[in-house]
Amino acid sequence: EQSLALEACHEVRIPGEIFMPGWEVRASLQFQGDVPPASGPVALLSAAALAGRVWVRTRRPGDRFQPLGMAHRKKLQDFMVDSKIPRDQRDGVPLLVTPRGIAWVVGWRVAEWARAGDEPTDRILVEFSPKG
């Protein structure tokens, strides 16, 4: 399990890939088919939701998140407790973030507003692969 807190925000280009402490992040247009097997967390997200700038960072005080299936946002801290993310790992959980907010708590849940739609052209595959 990754528990390394990221020191800064890392911008993700779509499509593209970046390397950061502990992770390789790859974002690609996924027009059809199923999510391929991967060595780390993978999510299929809305291209429209990720149309602007996208970053990876770890949690900050006051972060809020709207988990898939929920009508309202909740405190990220509460989501992590409810999801039983171990306390010693919470500061190291990567977050995929846009100006709108947290799109994906990596490895745990996508935001309701960032879920991939039914249209094949509205899908971006984001993969996190652990690195040394």
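Anchor point for the sequence shown: position 34 equals 195 in our numbering, and the numbering is continuous, going up by one each time. Note that the Cβ used here is the ideal one computed from N, Cα and C, for glycine as well.
Neighbourhood of residue i by C-beta, 7 Å cutoff - its chain only, sequence neighbours within 5 removed
{"i": "Glu-162", "result": "Annotation note: pLDDT 42 at Glu-162 (below 50); position unreliable, no value reported."}
{"i": "Asp-207", "result": "In the sequence on display, residue 207 carries Ser and not Asp. Hits under 7 Å: Ala-275, Arg-276, Ala-277, Gly-278 and Asp-283."}
Straight-line Cα distance separating residue j from residue i
{"i": "Glu-273", "j": "Lys-235", "result": "12 Å"}
{"i": "Ile-175", "j": "Gln-238", "result": "28 Å"}
{"i": "Arg-284", "j": "His-171", "result": "21 Å"}
{"i": "Arg-270", "j": "Glu-288", "result": "14 Å"}
{"i": "Gln-227", "j": "Arg-221", "result": "16 Å"}
{"i": "His-233", "j": "Asp-279", "result": "22 Å"}
{"i": "Pro-182", "j": "Pro-281", "result": "32 Å"}
{"i": "Ser-189", "j": "Val-173", "result": "11 Å"}
{"i": "Arg-248", "j": "Leu-257", "result": "20 Å"}
{"i": "Ala-255", "j": "Arg-276", "result": "First, the residue type needs correcting, since residue 255 is Pro and not Ala in the sequence shown. Straight-line Cα distance between these residues: approximately 17 Å."}
{"i": "Ile-246", "j": "Ala-264", "result": "18 Å"}
{"i": "Glu-178", "j": "Val-242", "result": "31 Å"}
{"i": "Pro-291", "j": "Thr-259", "result": "22 Å"}
{"i": "Thr-219", "j": "Gly-253", "result": "6 Å"}
{"i": "Ser-164", "j": "Trp-184", "result": "Note that Ser-164 scores 45 on pLDDT, short of 50, meaning its location in the model is unreliable; the coordinates nonetheless yield the value given after this. Cα to Cα, Ser-164 sits roughly 11 Å from Trp-184."}
{"i": "Ala-209", "j": "Leu-286", "result": "13 Å"}
{"i": "Leu-229", "j": "Phe-180", "result": "27 Å"}
{"i": "Gly-213", "j": "Val-186", "result": "17 Å"}
{"i": "Met-231", "j": "Arg-225", "result": "13 Å"}
Span of the alpha helix (DSSP H) around residue i
{"i": "Leu-237", "result": "237–243"}
Sub-8 Å separation of residue i and residue j beta-carbons
{"i": "Gly-268", "j": "Pro-202", "result": "yes"}
{"i": "Gln-191", "j": "Leu-211", "result": "no"}
Residue-level contact to chain C via CB, residue i, 8 Å cutoff
{"i": "Met-231", "result": "Absent from the structure: chain C. Only one protein chain is present."}
Unbroken beta strand (DSSP E) run spanning residue i, endpoints
{"i": "Thr-259", "result": "256–259"}
{"i": "Ser-207", "result": "First-last for Ser-207: undefined, no H or E at that position."}
{"i": "Ile-285", "result": "285–291"}
Whole-angstrom C-beta distance between residue j and residue i, which should lie under 8 Å
{"i": "Gln-266", "j": "Phe-240", "result": "This sequence places Val at residue 266; Gln is not what is there. Yes, Val-266 and Phe-240 are in contact; Cβ-Cβ is about 7 Å, under 8 Å."}
Own chain residues within Cβ distance below 6 Å of residue i, not counting five before or after
{"i": "Ser-244", "result": "Trp-269"}
{"i": "Val-215", "result": "Val-173 and Thr-259"}
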